[in-house]
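Residue numbers (the numbering used here): 30 to 566.
Written out below as structure tokens is the structure these notes cover.
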């Protein structure tokens, strides 16, 4: 340390100037909300309000809502985020002014996402409209009916897996890969087959670039110049080579109004966007049913009335099971898959006396709105009946948005609901779920993998209670392996045969293997936690 005093005056001046400029850079954006007249928690240099969120989680947004009202400002690193929890304002932002002003989502340096950068959630304005209009026909009622038998078949396999304790994920990968592309992976016997290994590597993405870009936005240019991506480059190249082979096999098909990079991006996006969302939502539903056995028993009684044992489940009967709709809706109210959605203001906009400058991101705290006592009676209770068409509550149309709202809502929400319904019917027709000693009871809008340990128990079909033999402990985070497999299969039946062939290649490989454990409720050490990334909206 003795060499420090011997720096020249010029050197010391440069050091002080550099540190001063760096500090100013780390606090300069924090005047954004002061100029708007919006209150909010005091941000930390470079980190913004992220330390509050990292410490308190969703309780942080609840506290801000109570302290500052329905509009407040917070910072993700140096990026301002205007939080809005007023349904009437959200009606304007998400619906009325979606196309003109609030069309796009907030994206941190999309170049680091590699093949995802041209995905539906990343693209903007007219390009988003074009891709959305191309994909949307795959999710009409007619398309869903066509793909329904495939959904049912894999749901049957799922239930059989519960009884036989086999890994169905690799089996699905083998069957679909062999049938679609004549590729013999045999991952059931050889889980280290190249396809399986490369997919697992692809799904392990880096988190640190996001935090670095939040704290130092200029680093996004460095990522672009250096080509650093959050995805494993070797795995990306591996799948690109396979995609090119599929493209070569179908090069004569010109029916898709998307470029080759856009098609590849949609395929990668649906792996990432849907890999965790459907399985997470199903986990939350089973968690809530385990904590509320009366609701579970009522649902099972409805299932028993509509579907006899071992009988096929029809699309119409499944869609008409109202109480199942109520259960799904209530679970997604209490535990939304993504507790926050956002939109970016494209031009200066005035709403309720507030001027939102161009470029400002607007965040929607779903967890706050879904539990606001102004819009819900007994908001902390699990009450599926509140969504009943005949005897339910008068629900504010803009106070419930588990899939987002407006033109940029989740494109695959109808298909996701159908898949969840099928899994729940096939599972609860023969089984029930219960809590165990490792189940954590939380009254928050966010759970971790460690919280959601449940016991799945077989039930006699004509017995209403859930106390039978053959207790099986399931790490239910990996239960719904149907997830992206069915999401992709819906595309197979669309009129876009080129997109159909490409996405079909990726579909089987997004399945997480089902893990069954007998005995105590200690989580297997070989399984690591997974976290949801974002809502496809």
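Positions of the beta carbon are idealized from the N, C-alpha and C atoms, including for glycine.
Which whole-angstrom value describes the C-beta separation of residue i and residue j, a residue pair presumed to lie in contact below a C-beta threshold of 8 Å?
i           : j           : result
residue 184 : residue 455 : 4 Å
residue 628 : residue 143 : This structure gives no information on residue 628, because the portion of the chain shown stretches from 30 to 566.
residue 127 : residue 365 : About 20 Å; that fails the 8 Å criterion.
residue 465 : residue 483 : 7 Å
residue 359 : residue 411 : 6 Å
residue 87  : residue 368 : 6 Å
Report the rounded CA-to-CA distance for residue i versus residue j, giving the unit in angstroms.
i           : j           : result
residue 485 : residue 331 : 19 Å
residue 116 : residue 175 : 37 Å
residue 63  : residue 102 : 9 Å
residue 163 : residue 155 : 12 Å
residue 69  : residue 93  : 7 Å
residue 288 : residue 417 : 44 Å
residue 223 : residue 343 : 38 Å
residue 293 : residue 130 : 28 Å
residue 132 : residue 461 : 43 Å
residue 83  : residue 157 : 32 Å
residue 463 : residue 181 : 25 Å
residue 41  : residue 254 : 32 Å
residue 243 : residue 423 : 40 Å
residue 146 : residue 53  : 31 Å
residue 470 : residue 313 : 12 Å
residue 408 : residue 48  : 49 Å
residue 45  : residue 123 : 46 Å
residue 57  : residue 326 : 56 Å
residue 488 : residue 457 : 9 Å
residue 67  : residue 119 : 17 Å
residue 377 : residue 406 : 37 Å
residue 399 : residue 65  : 27 Å
residue 333 : residue 419 : 22 Å
residue 290 : residue 238 : 23 Å
residue 236 : residue 55  : 21 Å
residue 249 : residue 350 : 48 Å
residue 383 : residue 81  : 26 Å
residue 341 : residue 446 : 19 Å
residue 97  : residue 267 : 50 Å
residue 653 : residue 317 : As shown, the chain starts at 30 and ends at 566. That puts residue 653 outside it, with no answer to give.
residue 37  : residue 43  : 10 Å
residue 415 : residue 372 : 29 Å
residue 95  : residue 256 : 43 Å
Would you check if the distance between the CB atom of residue i and the CB atom of residue j is smaller than 8 Å?
i           : j           : result
residue 356 : residue 315 : no
residue 24  : residue 90  : Residue 24 is absent from the structure shown; the chain starts at 30 and stops at 566.
residue 307 : residue 448 : yes
residue 370 : residue 433 : yes
residue 401 : residue 428 : yes
residue 134 : residue 150 : yes
residue 413 : residue 319 : no
residue 231 : residue 261 : yes
residue 361 : residue 310 : yes
residue 295 : residue 264 : no
residue 252 : residue 141 : yes
residue 444 : residue 173 : yes
residue 450 : residue 353 : yes
residue 385 : residue 111 : yes
Taking only beta-carbon positions, decide if residue i is within less than 8 Å of chain B.
i           : result
residue 165 : Absent from the structure is chain B; it holds one protein chain and no more.
Legend entry - Three or more C-beta pairs below 8 Å linking the region 102 to 111 and the region 68 to 83: They touch, by the three-pair rule.
Legend entry - contact_flag[the region 437 to 449, the region 162 to 178] where n(CB pairs < 8 Å) is 3 or more: The region 437 to 449 vs the region 162 to 178: in contact.
Inset, instruction - Spell out a yes or no on whether the region 392 to 401 and the region 334 to 342 are touching, meaning 3 or more CB-CB pairs, one atom from each, closer than 8 Å. - result: Contact between the region 392 to 401 and the region 334 to 342 is absent, because fewer than three Cβ pairs lie under 8 Å.
Inset, instruction - Just list the beta strand (DSSP E) runs in the region 412 to 483, keeping only unbroken ones of 3 residues or longer that don't cross its boundaries, in chain order. - result: Fully enclosed beta strand (DSSP E) runs of no fewer than 3 residues occupy 460 to 464 of the region 412 to 483, in order along the chain.
Legend entry - Segments of 4+ residues assigned as alpha helix (DSSP H) that fall wholly inside the region 314 to 384: The DSSP assignment places complete alpha helix (DSSP H) segments of no fewer than 4 residues inside the region 314 to 384 at 322 to 335, 344 to 348, 351 to 363, in order along the chain.
Legend entry - Start-end ranges of the beta strand (DSSP E) lying completely within the region 100 to 182, minimum 3 residues: Those beta strand (DSSP E) runs which fall completely within the region 100 to 182 and span 3+ residues are 100 to 105, 108 to 113.
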